[in-house]
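If you read the protein sequences in the order shown, they are chains V and Z. Going by full-length UniProt numbering, the first sequence opens with residue 1, and the numbers climb by one from there. Going by full-length UniProt numbering, the second sequence opens with residue 1, and the numbers climb by one from there. Glycine residues also receive a C-beta, built at the ideal position from the N, C-alpha and C atoms.
Number of protein chains: 2
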Amino acid sequence: MTVTHPLLDLAPLTAAHFASIERRVAALLSTEQDVVITQGEALLPLEGCIRSGARAGSTALNVVTGPYGQTFGNWLRDCGATVVDLEVPFHTAVTAAQVEQALAAHPEIDFVSLVHAEAATGNTNPVAEIGEVVRAHGALFYLDAVASIGAEPVLPDAWGVDMCIIGAQKAMGGPAGVSAVSVSARAWERFAANPAAPRRSYLSLLDWKERWIDGGRKALLHAPAQLEMLALEACVERIEAEGLDALMARHASAAAATRAGALALGGGLEPFVYEAKDAAPVATTLRVPAGVDASALVAKALAADPSLPLIAGGGALAGEMIRVNHYGVDATPGAVQSSLAALGAALGEAGRAVDLEGARRAVTEAWAV
Amino acid sequence: MTVTHPLLDLAPLTAAHFASIERRVAALLSTEQDVVITQGEALLPLEGCIRSGARAGSTALNVVTGPYGQTFGNWLRDCGATVVDLEVPFHTAVTAAQVEQALAAHPEIDFVSLVHAEAATGNTNPVAEIGEVVRAHGALFYLDAVASIGAEPVLPDAWGVDMCIIGAQKAMGGPAGVSAVSVSARAWERFAANPAAPRRSYLSLLDWKERWIDGGRKALLHAPAQLEMLALEACVERIEAEGLDALMARHASAAAATRAGALALGGGLEPFVYEAKDAAPVATTLRVPAGVDASALVAKALAADPSLPLIAGGGALAGEMIRVNHYGVDATPGAVQSSLAALGAALGEAGRAVDLEGARRAVTEAWAV
Numbered sequence: 001m002t003v004t005h006p007l008l009d010l011a012p013l014t015a016a017h018f019a020s021i022e023r024r025v026a027a028l029l030s031t032e033q034d035v036v037i038t039q040g041e042a043l044l045p046l047e048g049c050i051r052s053g054a055r056a057g058s059t060a061l062n063v064v065t066g067p068y069g070q071t072f073g074n075w076l077r078d079c080g081a082t083v084v085d086l087e088v089p090f091h092t093a094v095t096a097a098q099v100e101q102a103l104a105a106h107p108e109i110d111f112v113s114l115v116h117a118e119a120a121t122g123n124t125n126p127v128a129e130i131g132e133v134v135r136a137h138g139a140l141f142y143l144d145a146v147a148s149i150g151a152e153p154v155l156p157d158a159w160g161v162d163m164c165i166i167g168a169q170k171a172m173g174g175p176a177g178v179s180a181v182s183v184s185a186r187a188w189e190r191f192a193a194n195p196a197a198p199r200r201s202y203l204s205l206l207d208w209k210e211r212w213i214d215g216g217r218k219a220l221l222h223a224p225a226q227l228e229m230l231a232l233e234a235c236v237e238r239i240e241a242e243g244l245d246a247l248m249a250r251h252a253s254a255a256a257a258t259r260a261g262a263l264a265l266g267g268g269l270e271p272f273v274y275e276a277k278d279a280a281p282v283a284t285t286l287r288v289p290a291g292v293d294a295s296a297l298v299a300k301a302l303a304a305d306p307s308l309p310l311i312a313g314g315g316a317l318a319g320e321m322i323r324v325n326h327y328g329v330d331a332t333p334g335a336v337q338s339s340l341a342a343l344g345a346a347l348g349e350a351g352r353a354v355d356l357e358g359a360r361r362a363v364t365e366a367w368a369v
Numbered sequence: 001m002t003v004t005h006p007l008l009d010l011a012p013l014t015a016a017h018f019a020s021i022e023r024r025v026a027a028l029l030s031t032e033q034d035v036v037i038t039q040g041e042a043l044l045p046l047e048g049c050i051r052s053g054a055r056a057g058s059t060a061l062n063v064v065t066g067p068y069g070q071t072f073g074n075w076l077r078d079c080g081a082t083v084v085d086l087e088v089p090f091h092t093a094v095t096a097a098q099v100e101q102a103l104a105a106h107p108e109i110d111f112v113s114l115v116h117a118e119a120a121t122g123n124t125n126p127v128a129e130i131g132e133v134v135r136a137h138g139a140l141f142y143l144d145a146v147a148s149i150g151a152e153p154v155l156p157d158a159w160g161v162d163m164c165i166i167g168a169q170k171a172m173g174g175p176a177g178v179s180a181v182s183v184s185a186r187a188w189e190r191f192a193a194n195p196a197a198p199r200r201s202y203l204s205l206l207d208w209k210e211r212w213i214d215g216g217r218k219a220l221l222h223a224p225a226q227l228e229m230l231a232l233e234a235c236v237e238r239i240e241a242e243g244l245d246a247l248m249a250r251h252a253s254a255a256a257a258t259r260a261g262a263l264a265l266g267g268g269l270e271p272f273v274y275e276a277k278d279a280a281p282v283a284t285t286l287r288v289p290a291g292v293d294a295s296a297l298v299a300k301a302l303a304a305d306p307s308l309p310l311i312a313g314g315g316a317l318a319g320e321m322i323r324v325n326h327y328g329v330d331a332t333p334g335a336v337q338s339s340l341a342a343l344g345a346a347l348g349e350a351g352r353a354v355d356l357e358g359a360r361r362a363v364t365e366a367w368a369v
């Protein structure tokens with residue numbers, strides 16, 4: 001009577017199975033901290049950590065190197081915290097010295113929020129060095145590692161990160177509907193001491209601590225998003241099979257190859273992030289020459305092949321920025337070659353001189369693996 | 001290099017696809033109200049609606065016919081609302097007259113929360129009649145229809161429900177990681193007028209209204225839980241193929257057959273919900289005879305067949321209540337027959353006189369389809 005379907009009528013996901021997936025995610029982060037897999041997009045733990053860790057009376061240093069930093073600032077203000085925004089141009093990364101200076105100017109800062117890699121702007125920040133500075137100051141350190149996990153090292157314990165939030169949908173090549181966060185002991189203490197921290201709420205991390213972790217991971221708070229959990233497990237299994245180092249090397253190669261290829265292609269394309277060391281391994285952003293509209297160029301390139309991982313920059317950047325999203329299954333020489341070839345053809349049609357063959361060679365040479 | 005997996009590397013879910021799934025869910029509810037598919041378990045919209053619609057200064061009538069009513073009362077109090085709890089024994093349903101009386105005693109009530117069917121206690125409430133009373137009073141009407149959708153009619157427009165929350169994981173036989181809510185125009189107005197309503201938050205329904213619905217359902221707020229969305233679509237497709245009426249008839253038959261079979265089985269088993277009209281079509285709760293422990297009896301029955309949809313009551317009811325969860329793929333004569341046979345065998349081993357053959361016949365006769 002009831003027709004089965006591959007996505008329906010699965011056996012229930014047990015608490016033991018759920019816990020085993022958490023352990024494997026913790027291993028990806030090389031962390032001994034508590035890891036909680038959260039049942040929603042990464043915005044859920046990103047928001048949950050700020051609403052738990054920040055409060056009226058807090059002063060937060062909010063590093064803004066892209067649009068997510070702006071979102072975090074809004075949440076921090078919403079919690080009643082005083083926010084010190086440290087904004088750096090989107091074409092670069094923040095430095096540990098800049099963070100140190102801001103902390104010195106505001107000794108009352110007790111919370112630092114940072115985005116590791118920004119897919120939207122294509123930069124990545126030196127978290128290890130920043131972590132040392134934040135640790136010396138004593139503030140709680142909040143890190144959005146959604147776009148870096150799987151693409152470059154993410155080491156909350158070694159770096160002194162107190163809340164490290166990840167999602168599976170970018171470099172991990174996994175599902176979008178679950179996410180995870182590692183929480184340090186001192187972050188839990190701060191959460192517990194915050195009377196406004198979400199409790200008995202879908203946003204609450206303390207609920208998961210008290211009912212799931214402290215209870216020995218025996219009873220789930222509610223029916224988990226089973227399919228997303230199974231997909232997360234499959235994704236982690238695939239990473240274990242490839243090796244996390246190999247996965248990160250693929251992303252590093254994709255970034256280096258895209259950058260080298262774009263420079264060799266010419267036609268006026270330039271890396272949006274000035275220095276290669278500041279460029280994110282998940283996505284390479286490119287600036288189009290004056291007189292060329294980035295959205296139109298991307299549209300033309302996608303008309304030839306809609307599956308290419310190309311997108312114009314968001315908001316105000318839509319006219320001037322192209323993003324090549326070389327993450328997950330697109331962290332391959334083929335995806336990079338095809339993306340640059342399509343951009344080159346579109347630039348050529350627009351009357352720009354491009355070196356398609358040079359770009360092809362540059363990608364091959366720069367691909368280290 | 002990258003191994004594909006059935007749950008990974010899917011093409012992105014477009015906004016148009018997302019919107020088409022919303023339309024099909026709206027059709028299941030026969031509603032013209034705005035339907036929002038929420039990216040999490042049903043607790044997400046259940047909580048989101050209360051935090052949006054209730055506030056300091058509100059007075060809420062909270063009907064408690066099971067454990068979820070208690071959860072809602074806590075949320076309402078957390079929002080600063082004054083809460084009038086209307087508790088009825090778990091072996092019965094609330095009546096429209098009781099609701100009318102409570103509203104008359106507290107004319108200031110501006111919010112009414114109700115659970116339609118309670119899987120945990122096995123009762124179901126007469127929402128159509130209650131809706132008339134609530135509408136006459138003018139309060140906002142909040143309904144948890146998670147355990148009723150697919151098993152019995154759920155008609156927010158006809159009943160005057162302002163927030164009707166559903167999940168797919170019970171009678172619909174679908175995924176657990178997405179849920180949906182229909183929101184009336186006056187509920188949106190109340191949300192918008194509430195300065196404490198969640199905004200720029202994973203819990204926010206207003207975010208979905210302003211950025212998704214009012215924008216013509218063109219831009220999603222974040223990457224949706226794609227697998228759960230595809231599973232929801234498959235689940236709705238399957239319901240459309242079977243027919244919603246046929247699906248509801250299966251559940252009604254399962255409830256009637258379980259009740260009749262349990263009575264015929266004897267051995268001291270009795271329906272926990274006194275009257276058949278108050279019994280939920282998703283689950284039949286049974287009271288065990290004095291001297292028998294419900295948890296132990298269920299454990300014995302499950303030892304013979306762990307796949308049976310049997311569970312002991314939660315919390316204080318674990319000793320005295322058995323639940324037969326005949327929903328979704330278990331709304332079949334086979335599941336009901338096997339469940340009662342296993343309970344009968346366990347009761348027989350415990351020295352109780354049972355009529356296995358009588359129970360079998362009663363199930364067959366009571367199965368109307």
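Item: Could you confirm whether any beta carbon from chain V is found closer than 8 Å to the beta carbon of residue 79 of chain Z?; Value: no
Item: Using a Cβ cut-off of 8 Å, which residues of the segment 71–105 of chain Z contact any Cβ in chain V, in chain order?; Value: 71, 74, 75 and 78
Item: Any beta carbon from chain V within less than 8 Å of residue 49 of chain Z's own beta carbon?; Value: no
Item: In chain order, what residues of the segment 200–229 of chain Z put their CB closer than 8 Å to some CB of chain V?; Value: 200, 201, 202, 203, 222, 223, 224, 225, 226, 227 and 228
Item: Run through chain Z and tell me which residues come within less than 9 Å of residue 9 of chain V, C-beta to C-beta.; Value: 173, 328 and 329
Item: Of all Cβ atoms in chain Z, is any one closer than 8 Å to the Cβ of residue 5 of chain V?; Value: yes
Item: Please return the same chain residues whose Cβ sits closer than 7 Å to the Cβ of residue 355 of chain V, not counting the five positions on each side in sequence.; Value: 264, 265 and 266
Item: Is the Cβ of residue 118 of chain V closer than 8 Å to any Cβ of chain Z?; Value: no
Item: Assuming residue 144 of chain Z and residue 116 of chain Z are in contact, meaning their beta carbons sit under 8 Å apart, how far apart are those beta carbons, in whole angstroms?; Value: 6 Å
Item: Secondary structure at residue 164 of chain V, three-state DSSP: helix, strand or coil?; Value: strand
Item: Below 9 Å on C-beta distance, what does residue 177 of chain V contact in chain Z?; Value: 39, 40, 177, 178, 223, 224, 225, 226, 227, 228 and 229
Item: Less than 7 Å between C-beta atoms, sequence neighbours within five positions excluded: which residues of the same chain meet that for residue 54 of chain V?; Value: 60, 76, 79, 81 and 111
Item: Would you mind listing the beta strand (DSSP E) stretches within the segment 39–85 of chain V that are 3+ residues and don't spill past its ends, in chain order?; Value: 59–64
Item: Below 7 Å, is the gap between the Cβ of residue 69 of chain V and the nearest heavy atom of the ligand ATP?; Value: Summarising the ligand content, the structure contains no ligands, and the ligand ATP is consequently not present.
Item: Start and end of the alpha helix (DSSP H) containing residue 141 of chain V?; Value: No alpha helix (DSSP H) contains residue 141 of chain V, which is instead part of the beta strand (DSSP E) from 140–144.
Item: Please state whether DSSP places residue 287 of chain V in a helix, a strand or coil.; Value: strand
Item: Give the straight-line distance between the Cα atoms of residue 192 of chain Z and residue 209 of chain Z, rounded to the nearest whole angstrom.; Value: 10 Å
Item: With a threshold of 8 Å between beta carbons, is residue 366 of chain Z in contact with chain V?; Value: no
Item: What three-state label does DSSP hand residue 332 of chain Z in the structure shown?; Value: coil
Item: Could you please give the first and the last residue of the uninterrupted beta strand (DSSP E) stretch that includes residue 323 of chain V?; Value: 321–324
Item: Taking Cβ-Cβ distances below 7 Å as the criterion, which residues of the segment 229–247 of chain Z are in contact with chain V?; Value: 230, 231, 234, 235 and 238
Item: For residue 18 of chain V, does the three-state DSSP call read helix, strand or coil?; Value: helix
Item: Tell me, please, whether the CB atom of residue 324 of chain Z is closer than 8 Å to any CB atom in chain V?; Value: no
Item: At what residues does the alpha helix (DSSP H) containing residue 232 of chain Z begin and finish?; Value: 226–242
Item: If you follow the alpha helix (DSSP H) that residue 114 of chain V is in, where does it begin and where does it stop?; Value: Unbroken run through residue 114 of chain V is the beta strand (DSSP E), 111–115; no alpha helix (DSSP H).
Item: I'd like the list of long-range same chain contacts for residue 96 of chain Z, defined as Cβ closer than 8 Å, with 5 residues on each side in sequence excluded.; Value: 126, 129, 130, 132 and 133
Item: DSSP three-state label for residue 364 of chain Z, please.; Value: helix
Item: Find the nearest neighbour of residue 305 of chain Z within the set Z/39, Z/177, Z/339 and Z/322, judged by alpha-carbon distance.; Value: Z/339
Item: Sort out for me which residues DSSP pairs residue 87 of chain V with in a bridge.; Value: V/64
Item: When you compare each of V/150, V/268 and V/307 to residue 248 of chain V by their alpha carbons, which one comes out closest?; Value: V/150
Item: Which of the residues in the segment 301–321 of chain V, read from start to end, lie with their CB under 9 Å from any CB of chain Z?; Value: 307
Item: Please tell me whether residue 5 of chain V and residue 250 of chain Z are closer than 8 Å, where the distance is taken between their beta carbons.; Value: no
Item: Would you mind sorting residue 349 of chain V into buried or exposed? The rule is 16 or more other CB atoms within 10 Å of its CB.; Value: exposed
Item: Considering only DSSP beta bridges, list what residue 35 of chain Z is partnered with.; Value: Z/182
Item: Please list, in chain order, all residues of the same chain as residue 361 of chain V whose beta carbon is under 8 Å from its beta carbon, the five residues on each side excluded.; Value: 264
Item: Looking at chain Z, is there any beta carbon in it that lies within less than 8 Å of the beta carbon of residue 169 of chain V?; Value: yes
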